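Each residue of the sequence shown is one higher than the one before, starting from 1 at the first, in this note's numbering.
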Amino acid sequence: MKNTLLLTLLLISVVFTVRSQQEIHVNPSVTDKGDGSLEKPFKTLQQGVDAVTKISKKMKSDIIVYLHNGTHRISDPILLTEKHSGKNGFNVIFRAYKNTTPLLSGGTKVTGWEKVDGNLYKAPLDRTTKLRSLFVNGVRMRMAGTEVPLPGLGDWGTFGITGNEDWTFGSGLGIDGIKFASSAVGNYNNPDDIELVQFNIWTEKILCAREIEKFGDTTVIKLQQPYGAIATNMAWAGKINYKKNFIIRNAMELLDNPGEFYFDKTSKTLYYYNSGEDMSKVEVIAPTSEGLIKIKGSSTKSKAKNIRFEGITFSHDDWPLMTVAGSHGFAGIQSLGLAVKYVPGGNWHPTEYNSTDVPTGAVEVKNAEHIGFFRNRFENIGSAIAINLVNDVKNSEVIGNYFNNMLGNAVNIGHPQHYKIGDGDLYGPGIEGLCEKISVSNNYIRNVSLDFRQVESITSFFVSNVNIEHNDIAFTPYGAITCGWWWGNAEIPPSTVAGNNHIRFNKAGNTHQVLDDGGIIYVLGEQPNSTIEGNYIFNGPRSIYPDDGSAYWTITRNVVSNPSYKWMWLHLWTKRCHDIIARQNYVKNNLLMNNGTNNIIEATHSFREDDFSGEALEIINNSGIEKEFADIIPITEPERIYIHPKEFKERDIFH
1 MKNTLLLTLL LISVVFTVRS QQEIHVNPSV TDKGDGSLEK PFKTLQQGVD
51 AVTKISKKMK SDIIVYLHNG THRISDPILL TEKHSGKNGF NVIFRAYKNT
101 TPLLSGGTKV TGWEKVDGNL YKAPLDRTTK LRSLFVNGVR MRMAGTEVPL
151 PGLGDWGTFG ITGNEDWTFG SGLGIDGIKF ASSAVGNYNN PDDIELVQFN
201 IWTEKILCAR EIEKFGDTTV IKLQQPYGAI ATNMAWAGKI NYKKNFIIRN
251 AMELLDNPGE FYFDKTSKTL YYYNSGEDMS KVEVIAPTSE GLIKIKGSST
301 KSKAKNIRFE GITFSHDDWP LMTVAGSHGF AGIQSLGLAV KYVPGGNWHP
351 TEYNSTDVPT GAVEVKNAEH IGFFRNRFEN IGSAIAINLV NDVKNSEVIG
401 NYFNNMLGNA VNIGHPQHYK IGDGDLYGPG IEGLCEKISV SNNYIRNVSL
451 DFRQVESITS FFVSNVNIEH NDIAFTPYGA ITCGWWWGNA EIPPSTVAGN
501 NHIRFNKAGN THQVLDDGGI IYVLGEQPNS TIEGNYIFNG PRSIYPDDGS
551 AYWTITRNVV SNPSYKWMWL HLWTKRCHDI IARQNYVKNN LLMNNGTNNI
601 IEATHSFRED DFSGEALEII NNSGIEKEFA DIIPITEPER IYIHPKEFKE
651 RDIFH
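Structural data, given as structure tokens:
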């Protein structure tokens with residue numbers, strides 16, 4: 001009898017424990033001996049994640065992992081798979097505890113500062129790789145670099161490709177270095193830290209060095225290979241002009257201005273040129289974790305699912321640029337599309353975009369469905385993408401989030417290799433899947449693409465049933481929103497996977513602060529039953545730009561306000577732009593181009609110097625963030641952020 005009673009009590013205890021654990025609490029300020037309850041929370045988020053797997057198999061309600069106030073530090077990304085998924089129709093929710101603002105940080109606090117000389121300080125930092133970002137009291141600092149652009153003197157040497165390497169589509173030669181005047185470029189220590197930056201119309205190149213060699217009056221910066229060969233062998237605006245200007249950055253010898261830093265990985269010493277701060281009181285954060293969250297299923301048939309994030313601030317992730325065979329760089333084709341394989345002649349189209357990849361995101365999502373991001377903040381991000389819904393992501397939402405102070409963009413959907421599904425070099429059969437039925441809405445986006453200038457705020461490639469709606473985007477170095485891939489001159493057939501995409505009710509303007517071409521809203525490819533509707537677009541060239549090969553779009557009831565008589569509201573520049581309807585749009589300065597085929601442009605209302613009124617005013621008032629999410633809009637416009645000195649003219653490295 002006693003044994004039966006004891007067993008009954010034990011079973012009751014287990015039941016109550018499981019029920020109580022439908023709420024899991026994580027508080028970074030406690031000791032490491034909790035059980036996940038409110039009274040004894042776990043200390044680390046990883047403990048909370050591990051606890052989910054123990055109770056998720058027989059879910060009868062949502063599992064809520066509450067993040068309490070404070071900084072939740074991670075050194076590696078949190079991985080969420082099928083084991084962490086919501087089941088039986090319920091969700092696993094990572095939520096800020098009531099009335100708190102938890103921070104998920106991939107950064108390391110840097111302490112132990114010593115004065116070197118004047119305003120130059122140093123501190124130990126235990127890492128072995130280049131440091132590309134640093135934050136002092138929450139403010140982004142910049143890599144030490146040249147104060148004025150430096151002209152190149154031409155290319156130097158060649159790097160041979162046999163065609164048998166796994167990063168090539170054929171044999172050929174790449175450029176091995178770039179020449180500069182010895183009077184302008186020093187013989188920097190740690191040359192493999194150095195980056196060269198140049199813009200070309202709508203693209204950006206970041207070339208990483210491996211060695212520096214002086215030949216009298218000429219100094220050669222040799223490139224890391226094979227990425228240097230890939231980056232120097234591109235067509236169209238992907239080309240580099242070796243006799244135009246470059247930024248040179250990330251050398252100790254260039255550390256001479258307030259707000260600059262340099263990390264010497266050989267001595268594991270971080271140097272910072274301060275602006276008069278008391279270094280015994282500042283908080284200095286060095287990003288450490290390459291990414292913050294990875295949501296990843298195993299295949300198209302075994303997905304991670306039913307996972308949500310609510311009210312969390314994501315910050316301080318690290319990204320080392322694209323990596324190919326141990327070499328690094330950023331070789332922009334367009335938007336988020338980057339070259340990662342050598343293509344003889346530089347024409348990437350015949351590869352069916354299998355030579356193209358996109359960067360990883362701070363949050364990376366693959367083979368997943370019913371994933372949600374609601375009312376979070378993404379700030380101080382180092383990756384080229386904050387939220388990357390990159391492969392086989394379905395029925396997911398990015399709604400009501402605040403994005404600010406990011407080296408890259410806010411949201412990406414899909415991948416260039418989704419030109420065909422199931423044949424990809426990166427994602428093979430059973431892994432590769434179309435991204436579809438996704439909503440990106442009511443997000444506030446500022447200070448994006450601070451380093452990766454060619455990237456629009458919201459990007460998408462070959463996607464289906466994607467709605468990009470009611471977002472507020474401004475002050476971008478390039479465009480605001482892009483949807484699609486594949487050009488009409490590609491000499492490969494159009495993809496058939498994209499369609500039913502809608503860009504609606506967004507407020508976007510003050511774009512193209514650095515780069516050229518592109519549009520405020522830019523689309524590519526044949527996308528049946530797709531619309532651009534009800535947007536308020538202002539202060540940017542080629543406001544609505546269906547580029548070469550765009551087809552089957554309906555463009556209606558948009559308001560375009562451009563003060564310049566040189567800026568077109570609609571840009572259909574080639575006969576390969578076809579079967580597009582533009583109807584009942586409201587514009588100032590009715591300048592457009594229509595060289596396309598079978599397009600209809602009608603009922604355009606031009607206001608010239610008059611203020612918008614009537615339906616146009618209704619469209620403006622309905623654009624941007626809806627009332628339900630108005631609280632995410634700051635009272636004042638966020639201060640503009642620069643990673644170069646404010647007096648530095650980025651257009652001087654543009655050609």
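For every residue, glycine included, the Cβ atom is placed at its ideal position computed from N, Cα and C. Since we're looking at a predicted model, the values are computed, not measured.
Let me check one thing: in DSSP terms, what residues is residue i bridge-paired to?
i, result
"G259", "None; G259 has no bridge partner."
"V411", "I387 and I458"
"M322", "G329"
"R557", "DSSP output for R557 lists no bridge partner at all."
"E436", "K394 and S464"
"D193", "In DSSP, D193 forms no bridge with anything."
"Q198", "K205"
"Y552", "For Y552, which the question treats as bridged, DSSP gives no partner whatsoever."
"C577", "The partner list for C577 (beta bridge, DSSP) is empty, contrary to what the question assumes."
"P109", "With the sequence shown as reference, residue 109 is identified as Lys, and Pro is not the correct amino acid for it. According to DSSP, which records beta bridges pairwise, K109 is partnered with I285."
Skipping 5 residues on each side, what residues in its chain have a beta carbon closer than 6 Å to that of residue i?
i, result
"F79", "With the sequence shown as reference, residue 79 is identified as Leu, and Phe is not the correct amino acid for it. So the list reads K294, once near-sequence residues are dropped."
"Y642", "none"
"R210", "D192, K222 and Q224"
"S105", "T71, R73, S315 and H316"
"R377", "T313 and Y402"
"I422", "Checking the sequence, you will find Gly at residue 422 rather than Ile. Closer than 6 Å at Cβ, skipping near neighbours: P429 and E432."
"P344", "G170 and G172"
"E469", "S441, R504 and F505"
"R186", "Residue identity differs from the one stated: residue 186 is Gly in this sequence, not Arg. Same-chain partners within the cutoff: E253."
"G518", "W202, Y478 and G479"
Could you give the residue range of the beta strand (DSSP E) that holds residue i?
i, result
"I385", "I385 to I399"
"A209", "T203 to F215"
"G160", "G154 to I161"
"E310", "A304 to E310"
"I601", "I600 to E602"
"D117", "E114 to D117"
"H512", "Run containing H512: none; DSSP gives neither H nor E here."
"L592", "L592 to N594"
"S315", "T313 to S315"
"P124", "L120 to P124"
"T31", "Segment: none, T31 is in no beta strand (DSSP E) and carries neither H nor E."
Go through its chain and collect everything with a Cβ distance to residue i's Cβ below 7 Å, but skip five positions before and after it.
i, result
"S299", "N367, G430 and I431"
"T604", "N585, V587 and N590"
"I206", "E195, V197, L321, G329 and F330"
"G525", "G484, W485, W486, P494, S495, A498, G549 and S550"
"N380", "F135, R140, S315, H316 and N405"
"L153", "K179, F180, A181, T218 and K243"
Using three-state DSSP, classify residue i as helix, strand or coil.
i, result
"Y227", "helix"
"I473", "strand"
"D176", "strand"
"Y657", "For the chain, the structure presents residues 1 to 655; residue 657 sits outside this window and is missing."
"E628", "helix"
"Y545", "strand"
"G145", "strand"
"K237", "Here the sequence assigns Ala to residue 237, which means Lys is not the residue at that position. Three-state DSSP puts A237 in a helix."
"P416", "helix"
"L426", "coil"
"Q21", "With a pLDDT of 42 at Q21, under the threshold of 50, the modelled position of that residue is not reliable, and the figure given next carries that caveat. Residue state, collapsed to three classes: coil."
"T351", "helix"
"M656", "The chain is shown from 1 up to 655; residue 656 falls before or after that span and cannot be answered."
"P528", "strand"
"P563", "coil"
"L450", "coil"
"L292", "coil"
"P645", "coil"
"E650", "helix"
"L150", "strand"
"G345", "helix"
"T636", "coil"
Starting from residue i, follow the alpha helix (DSSP H) in both directions and report where the run begins and ends.
i, result
"A616", "E615 to N622"
So, at 8 Å on beta carbons, what are the nonlocal neighbours of residue i in its own chain, with the 5 sequence-adjacent residues on each side left out?
i, result
"S61", "Q22 and F90"
"T288", "S75, G106, G107, T108, R127, H316 and D318"
*What are the complete alpha helix (DSSP H) segments, minimum 4 residues, inside the region 356-382?*
none
*What beta strand (DSSP E) runs, 3 residues minimum, are completely inside the region 47-84?*
63-67, 71-73 and 78-80
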